[in-house]
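Peer 1: Let me begin by handing over the structure; questions about it come next.
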Amino acid sequence: MLKKKMMALATVVAIAGTLLSACGGASSSDNSSKKEKKVKIGMVTDLGGVNDKSFNQSAWEGLQSFAKKNDLSAGTKTDDDVRYLQSTQATDYTPNLNQLIHQNFNLVFGVGYLMAGDMTKVAQQNPKANLAIIDSAIVDKSNKPLKNVASITFKEEQGSFLVGVVAGLTTKTNKIGFVGGINSELIKKFENGFKAGVKSVNPKAEIYSQYAGAFDAPDKGQAIAATMYGKGADIIYQAAGATGNGVFTEAKSEKKDGKKVWVIGVDRDQYEEGLPENVTLTSMVKRVDKAVNDVSQQTKDGHFPGGQILSFGLKEDGVGIASSKQNVSKDIINQVNGYKEKIIDGSIKVPTTDKEFKAFKS
Amino acid sequence: MTKILKNSNWFNIVVPMIAVLLGLLVGAIIMLLTGYNPILAYQSILESVFLQPYYTGETIRAIIPLILTGLAVAFAFRTGLFNIGVEGQLLVGWFSAVAVSIMFSGLPKLILLPLAILVSALAGGLWGFIPGLLKARLKVHEVIITIMMNYVALYTTNYLIKHFLYAEGEKTPNIPESASLASTLLSNISQGSRLHWGIIVALLAAVFVWFLLWRTTKGYELRAVGYNPHASRYAGMNVNNNIVLSMVISGALAGVAGSMEGLGTYQYMMINSTFIGIGFNGIAVALLGMNTSIGVIIGATLFAILQTGSITMQSTAGVPTEIVSIIIAVIIFFIGSSYIIRWCLLRLTKGGK
Numbered sequence: 001m002l003k004k005k006m007m008a009l010a011t012v013v014a015i016a017g018t019l020l021s022a023c024g025g026a027s028s029s030d031n032s033s034k035k036e037k038k039v040k041i042g043m044v045t046d047l048g049g050v051n052d053k054s055f056n057q058s059a060w061e062g063l064q065s066f067a068k069k070n071d072l073s074a075g076t077k078t079d080d081d082v083r084y085l086q087s088t089q090a091t092d093y094t095p096n097l098n099q100l101i102h103q104n105f106n107l108v109f110g111v112g113y114l115m116a117g118d119m120t121k122v123a124q125q126n127p128k129a130n131l132a133i134i135d136s137a138i139v140d141k142s143n144k145p146l147k148n149v150a151s152i153t154f155k156e157e158q159g160s161f162l163v164g165v166v167a168g169l170t171t172k173t174n175k176i177g178f179v180g181g182i183n184s185e186l187i188k189k190f191e192n193g194f195k196a197g198v199k200s201v202n203p204k205a206e207i208y209s210q211y212a213g214a215f216d217a218p219d220k221g222q223a224i225a226a227t228m229y230g231k232g233a234d235i236i237y238q239a240a241g242a243t244g245n246g247v248f249t250e251a252k253s254e255k256k257d258g259k260k261v262w263v264i265g266v267d268r269d270q271y272e273e274g275l276p277e278n279v280t281l282t283s284m285v286k287r288v289d290k291a292v293n294d295v296s297q298q299t300k301d302g303h304f305p306g307g308q309i310l311s312f313g314l315k316e317d318g319v320g321i322a323s324s325k326q327n328v329s330k331d332i333i334n335q336v337n338g339y340k341e342k343i344i345d346g347s348i349k350v351p352t353t354d355k356e357f358k359a360f361k362s
Numbered sequence: 001m002t003k004i005l006k007n008s009n010w011f012n013i014v015v016p017m018i019a020v021l022l023g024l025l026v027g028a029i030i031m032l033l034t035g036y037n038p039i040l041a042y043q044s045i046l047e048s049v050f051l052q053p054y055y056t057g058e059t060i061r062a063i064i065p066l067i068l069t070g071l072a073v074a075f076a077f078r079t080g081l082f083n084i085g086v087e088g089q090l091l092v093g094w095f096s097a098v099a100v101s102i103m104f105s106g107l108p109k110l111i112l113l114p115l116a117i118l119v120s121a122l123a124g125g126l127w128g129f130i131p132g133l134l135k136a137r138l139k140v141h142e143v144i145i146t147i148m149m150n151y152v153a154l155y156t157t158n159y160l161i162k163h164f165l166y167a168e169g170e171k172t173p174n175i176p177e178s179a180s181l182a183s184t185l186l187s188n189i190s191q192g193s194r195l196h197w198g199i200i201v202a203l204l205a206a207v208f209v210w211f212l213l214w215r216t217t218k219g220y221e222l223r224a225v226g227y228n229p230h231a232s233r234y235a236g237m238n239v240n241n242n243i244v245l246s247m248v249i250s251g252a253l254a255g256v257a258g259s260m261e262g263l264g265t266y267q268y269m270m271i272n273s274t275f276i277g278i279g280f281n282g283i284a285v286a287l288l289g290m291n292t293s294i295g296v297i298i299g300a301t302l303f304a305i306l307q308t309g310s311i312t313m314q315s316t317a318g319v320p321t322e323i324v325s326i327i328i329a330v331i332i333f334f335i336g337s338s339y340i341i342r343w344c345l346l347r348l349t350k351g352g353k
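Structure follows, in structure tokens:
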């Protein structure tokens with residue numbers, strides 16, 4: 001009896017052993033020979049992950065297109081020149097950033113302002129490393145930008161203003177919703193720019209604003225959207241990362257029930273996210289991909305913009321309205337273009353904070 | 001062999017070890033099936049954790065709160081209580097430690113640091129006291145209450161940070177230097193990791209728990225209540241008081257775990273959109289450690305290695321972090337089903353007779 005069982009056990013171990021050892025040898029051999037001086041660029045995602053359909057994904061798309069243009073390999077494999085590391089908890093930020101620095105990456109992006117604290121420390125500990133952060137400005141104690149960090153920021157209020165114009169002109173119920181991720185200075189820029197846009201073309205419209213308190217909670221996004229649509233809103237603008245995916249889910253189920261509702265997407269052109277029910281009215285695109293691509297290219301050419309706070313607005317084509325315009329009428333597009341010019345030439349100053357919005361309204 | 005296995009001490013060591021090995025083996029099979037190289041992956045864990053000082057430091061840092069939450073769970077287990085509320089107790093401890101050190105930032109380090117840790121223990125203790133009291137007086141099941149208390153803790157601390165201690169980046173301001181456990185010495189010898197002096201606090205707590213449970217009359221009472229509350233009552237022990245006391249001490253240990261994160265690793269507390277998981281991992285650590293002090297230290301070490309390893313596995317072997325989470329879950333599964341391993345071992349040895 002025992003013998004039989006022991007035999008069975010031994011067989012299992014032996015099979016497992018061969019399986020394991022079979023795959024051990026292959027990978028290490030071809031590493032050393034073809035090492036030219038290639039540029040290596042990495043990024044660390046925040047908790048949303050690289051498939052958040054918004055912010056992190058956009059950054060990664062930027063790096064992928066950079067890789068393609070420069071004939072580099074992009075992926076998650078260890079020998080890829082362009083790669084990302086995903087963070088599953090807030091403690092991972094620092095080790096992930098360090099990991100890429102230790103592997104001598106020429107430039108490491110931290111995606112998202114939640115990483116700002118970690119980035120500051122890591123930048124100070126590794127003065128030789130080139131780092132870049134999105135949506136935040138990394139400064140030292142005396143408020144001077146750190147020399148080895150390029151800070152990438154966007155004028156989200158300008159793009160949000162334009163989609164606000166679209167919403168204000170499209171709404172039938174004169175009720176419009178805004179769902180934010182975390183109530184912070186950054187997301188306030190989306191909210192106030194949007195509200196200003198709506199009010200400029202439709203002063204009677206009522207706007208509901210609510211924050212989910214998280215960028216990674218689609219369930220909360222869905223619950224908030226359900227309430228807003230229930231109150232009669234027919235358009236919701238979401239600036240909430242992965243939380244915003246819940247807004248899409250809710251809009252789709254409302255539309256299946258025969259209600260005519262829209263979502264305005266954020267960060268990327270989210271037209272496809274609204275299919276097949278076609279609920280995406282338009283999207284406020286924030287060209288994280290373009291910014292990431294630009295900074296990577298500059299670094300490759302030897303002009304790493306360290307110590308600078310870069311600001312991408314309508315003028316720089318860093319924010320704007322999505323190219324998918326199937327659901328917006330020609331007339332509205334023309335008005336949007338009019339406002340766009342006014343913002344670029346400075347005759348409209350879009351508010352970023354609650355205070356500025358109040359002043360703007362009056 | 002039969003003799004060895006019959007000896008229960010041996011059993012207590014062999015079973016968790018087999019559980020871990022099976023977990024790693026299944027993890028390897030999952031990696032093979034999904035097209036990753038398990039040898040490279042496991043090798044990358046070992047190389048980083050044992051050969052690169054930065055990751056050694058980060059691993060020891062991750063051990064600190066896991067020891068404390070593991071002890072918290074184990075302590076309550078010994079009294080027959082299942083404290084699922086470690087996560088919440090940790091959060092209130094974390095917040096209190098940070099709040100106290102910011103409020104009394106003028107005090108010298110010699111007073112402020114112990115004060116902050118003490119307050120975190122009190123806060124965690126209070127969070128454990130409530131379910132303990134409800135269990136003792138009204139026989140409300142502690143599992144239900146502690147789960148609910150977790151949510152209360154999560155959202156209360158978020159609210160308090162948002163309205164009273166808010167700083168840019170969804171967090172509290174940093175704590176003053178005089179309340180910090182961080183150490184430039186430890187950081188320098190580990191190439192800039194976030195290792196801090198909390199490891200001493202954690203080890204002292206392990207000794208404290210061992211001493212209290214196994215070397216004092218009170219500890220004997222607590223364990224007796226865990227084995228058999230009816231017999232204990234018959235023997236003249238106050239079962240209700242012991243239940244409350246056990247939950248308070250368990251909560252206090254969890255609270256201190258929170259202060260380790262606040263005063264050591266982060267130097268602040270952030271607004272958490274969901275639970276951070278150190279408390280829940282504590283349950284697995286206690287299970288793995290068979291509810292003994294030394295076992296908890298070993299269990300915490302293993303978990304910390306896997307946690308740090310998940311970062312290096314991702315970056316040097318290309319294995320996504322999700323797979324690492326699956327491996328950890330599989331190990332917990334095998335520990336949870338240690339009964340099966342036990343049964344298999346017994347069958348194997350019996351068959352030989």
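From first to last, the protein sequence lines stand for chains A and B.
The letter at position 185 of the first sequence is residue 185 when you use my numbering, and the numbering goes up by one with no holes.
The letter at position 171 of the second sequence is residue 171 when you use my numbering, and the numbering goes up by one with no holes.
Positions of the beta carbon are idealized from the N, C-alpha and C atoms, including for glycine.
Note that the coordinates shown come from a computational prediction; the quantities given were computed from them, not determined experimentally.
#1: Please work out which residues of its chain come closer than 8 Å, Cβ to Cβ, to F104 of chain B, disregarding the five sequence neighbours upstream and downstream, and give them in chain order.
#2: Compare the Cα-Cα distances from Q335 of chain A to each of A:F304, A:L275, A:T170 and A:K144 and report the closest residue.
#3: Mind listing the chain A neighbours of P320 of chain B? Cutoff is C-beta to C-beta under 8 Å, in chain order.
#4: Classify V328 of chain A as helix, strand or coil using the three-state DSSP reduction.
#5: So the candidates are B:G128, B:S337, B:M31 and B:G318; which of them puts its Cα closest to the Cα of A74 of chain A?
#6: Sorted by chain position, which residues of the same chain lie with C-beta nearer than 7 Å to G219 of chain B's C-beta, five sequence neighbours on each side aside?
#7: I think P127 of chain A touches A137 of chain A, with their Cβ atoms under 8 Å apart; what is that distance to the nearest whole Å?
#8: If I measure Cβ to Cβ from Y55 of chain B and keep anything under 7 Å in the same chain, skipping five residues before and after, which residues do I get?
#9: Using 7 Å as the threshold, is the C-beta distance between T172 of chain B and V100 of chain B below it?
#10: Between the Cα of F208 of chain B and the Cα atoms of B:R223, B:I249, B:P229 and B:L110, which residue gives the shortest distance?
#11: In the DSSP assignment, find the unbroken beta strand (DSSP E) run with L310 of chain A in it and report its ends.
#12: With which residues is L131 of chain A paired in a DSSP beta bridge?
#13: Between the region 179 to 211 of chain B and chain A, which residues of the former have CB atoms less than 8 Å from a CB of the latter, in chain order?
#14: Starting from M284 of chain A, follow the alpha helix (DSSP H) in both directions and report where the run begins and ends.
#15: Between S180 of chain B and L154 of chain B, what straight-line distance do the alpha-carbon atoms span, to the nearest angstrom?
#16: When DSSP labels each residue in this structure, what does M43 of chain A get in the three-state scheme?
#17: How about P145 of chain A: is its C-beta nearer than 7 Å to some C-beta of chain B?
#18: I'd like the list of long-range same chain contacts for M270 of chain B, defined as Cβ closer than 7 Å, with 5 residues on each side in sequence excluded.
#19: Compare the C-beta of Q124 of chain A against all C-beta atoms of chain B and say whether one is closer than 7 Å.
#20: Could you have a look at D294 of chain A and say whether DSSP puts it in helix, strand or coil?
#21: Mind pulling the chain B residues with CB within less than 7 Å of G213 of chain A?
#22: Near L310 of chain A, what residues of its chain come up, given a Cβ to Cβ distance below 6 Å and the 5 sequence neighbours on each side ignored?
#23: Please report the straight-line C-alpha distance between L314 of chain A and M284 of chain A, rounded to a whole angstrom.
#24: With a threshold of 8 Å, are at least 3 pairs of Cβ atoms found where one atom belongs to the region 21 to 31 of chain B and the other to the region 223 to 234 of chain A?
#25: Does A235 of chain B pass the burial test, meaning 16 or more other C-beta atoms within 10 Å, or should it be called exposed?
#26: Thinking C-beta only, is L68 of chain B closer than 7 Å to L253 of chain B?
#27: Exposed or buried, what is D140 of chain A when buried is set at 16 or more other beta-carbons lying within 10 Å of its beta-carbon?
#28: Where P203 of chain A and G164 of chain A are concerned, what is the direct C-alpha to C-alpha distance, given to the nearest angstrom?
#29: Quick one: does I182 of chain A have its CB under 7 Å from some CB of chain B?
#30: Given a limit of 8 Å on CB to CB distance, which residues of the region 338 to 361 of chain A reach chain B?
#31: For F215 of chain A and M115 of chain A, I'd like the C-alpha separation in whole angstroms.
#32: Could you tell me whether the Cβ atoms of I321 of chain A and L162 of chain A are closer together than 7 Å?
#33: In terms of DSSP beta bridges, what is F154 of chain A paired with?
#34: Across which residues does DSSP place I262 of chain A in a beta bridge pair?
#35: Within 7 Å of any Cβ in chain B, is that where the Cβ of P95 of chain A sits?
#36: Which runs of the alpha helix (DSSP H) spanning at least 4 residues fall entirely within the region 176 to 254 of chain B, listed in chain order?
Peer 2: Concretely, from the data shown:
#1: One-based indexing of the second sequence puts residue 104 of chain B at position 104. When the five nearest sequence neighbours on each side are left out, the beta carbons in the same chain lying within less than 8 Å of the beta carbon of F104 of chain B are those of L112 and L115, in order along the chain.
#2: The residue labelled residue 335 of chain A in the question sits at position 335 within the first sequence. The candidate whose alpha carbon is nearest that of Q335 of chain A is A:T170.
#3: The sequence position of residue 320 of chain B within the second sequence is 320, counting from 1. Neighbours of P320 of chain B on chain A, chain order: T76 and Q86.
#4: Here residue 328 of chain A corresponds to residue number 328 of the first sequence, with the count starting at 1. V328 of chain A: coil per DSSP, three-state reduction.
#5: On the first sequence, position 74 is the one that residue 74 of chain A refers to. Taking only the C-alpha atoms, the option nearest A74 of chain A is B:G318.
#6: Residue numbering aside, residue 219 of chain B sits at position 219 when the second sequence is read from its first letter. Hits under 7 Å: L212 and L213.
#7: If you number the first sequence from 1, residue 127 of chain A lands on position 127. If you number the first sequence from 1, residue 137 of chain A lands on position 137. In this structure P127 of chain A is not in contact with A137 of chain A, their Cβ atoms being roughly 18 Å apart against a cut-off of 8 Å.
#8: Counting from one through the second sequence, the residue named residue 55 of chain B turns up at place 55. For Y55 of chain B, where only same-chain residues beyond five positions count, the Cβ hits under 7 Å are S48, V49, T308 and T312.
#9: Counting from one through the second sequence, the residue named residue 172 of chain B turns up at place 172. Counting from one through the second sequence, the residue named residue 100 of chain B turns up at place 100. For the pair T172 of chain B and V100 of chain B, the CB atoms are not nearer than the 7 Å cut-off.
#10: Here the question's residue 208 of chain B lines up with position 208 in the second sequence. Per the Cα distances, B:I249.
#11: Walking along the first sequence from the start, residue 310 of chain A turns up at place 310. Note, L310 of chain A: beta strand (DSSP E), I309 to F312.
#12: By one-based count along the first sequence, residue 131 of chain A stands at place 131. When DSSP reads this structure, L131 of chain A sits in a beta bridge with A:V108 and A:V149.
#13: Those would be G192 and R194, in chain order.
#14: By 1-based counting over the first sequence, the position of residue 284 of chain A is 284. Boundaries around M284 of chain A are those of the beta strand (DSSP E), T280 to K286, since no alpha helix (DSSP H) includes it.
#15: Numbered from 1 along the second sequence, position 180 holds the residue referred to as residue 180 of chain B. Numbered from 1 along the second sequence, position 154 holds the residue referred to as residue 154 of chain B. Distance between the alpha carbons of S180 of chain B and L154 of chain B is about 23 Å.
#16: Against the first sequence, residue 43 of chain A aligns to sequence position 43. Three-state result, M43 of chain A: strand.
#17: Translated into positions along the first sequence, residue 145 of chain A becomes position 145. By this cut-off, P145 of chain A is not an interface position.
#18: Here residue 270 of chain B refers to the residue found at position 270 when the second sequence is read from its first residue. Taking M270 of chain B as the centre and dropping the five residues before and after it, the same chain places the C-beta of E170 and K171 closer than 7 Å to its C-beta, in chain order.
#19: As a working note, residue 124 of chain A is residue 124 in the first sequence. Judged by the 7 Å Cβ criterion, Q124 of chain A is not in contact with chain B.
#20: Here residue 294 of chain A corresponds to residue number 294 of the first sequence, with the count starting at 1. D294 of chain A falls in the helix class under three-state DSSP.
#21: In the first sequence, counting from the first residue as 1, residue 213 of chain A sits at position 213. Here the neighbours are S273.
#22: On the first sequence, residue 310 of chain A is found 310 positions in, with the first residue counted as 1. Same-chain partners within the cutoff: I152.
#23: Residue 314 of chain A sits at position 314 when you count from the first residue of the first sequence. Residue 284 of chain A sits at position 284 when you count from the first residue of the first sequence. For L314 of chain A and M284 of chain A, the gap between their C-alpha atoms comes out near 11 Å.
#24: The region 21 to 31 of chain B, when compared against the region 223 to 234 of chain A, does not touch it at the 8 Å Cβ threshold.
#25: If you number the second sequence from 1, residue 235 of chain B lands on position 235. Exposed is the call here.
#26: Walking along the second sequence from the start, residue 253 of chain B turns up at place 253. Walking along the second sequence from the start, residue 68 of chain B turns up at place 68. L68 of chain B sits close to L253 of chain B, with the two beta carbons spaced by under 7 Å.
#27: Indexing the first sequence from 1 puts residue 140 of chain A at position 140. Looking at its Cβ environment, which holds fewer than 16 other Cβ atoms inside 10 Å, D140 of chain A is exposed.
#28: As a working note, residue 203 of chain A is residue 203 in the first sequence. As a working note, residue 164 of chain A is residue 164 in the first sequence. Approximately 12 Å, taken between the alpha carbons.
#29: On the first sequence, residue 182 of chain A is found 182 positions in, with the first residue counted as 1. Judged by the 7 Å Cβ criterion, I182 of chain A is in contact with chain B.
#30: Cβ contacts with chain B come from no residue of the region 338 to 361 of chain A.
#31: In the first sequence, the residue the question calls residue 215 of chain A occupies position 215. In the first sequence, the residue the question calls residue 115 of chain A occupies position 115. Approximately 14 Å between the Cα atoms of the pair.
#32: Locating residue 321 of chain A in the first sequence gives position 321, where the first residue counts as 1. Locating residue 162 of chain A in the first sequence gives position 162, where the first residue counts as 1. Between I321 of chain A and L162 of chain A, the C-beta gap is smaller than 7 Å, which places the two residues in contact.
#33: The count along the first sequence starts at 1 and reaches residue 154 of chain A at position 154. Per DSSP, A:F312.
#34: Mapped onto the first sequence, residue 262 of chain A falls at position 262. Contrary to the premise, residue 262 of chain A reads as Trp rather than Ile in this sequence. According to DSSP, residue pairing for W262 of chain A in a beta bridge involves A:I235.
#35: One-based indexing of the first sequence puts residue 95 of chain A at position 95. Yes, contact with chain B.
#36: The alpha helix (DSSP H) runs lying completely inside the region 176 to 254 of chain B and spanning 4 residues or more are 184 to 189, 198 to 215, 217 to 227 and 229 to 234, given in chain order.
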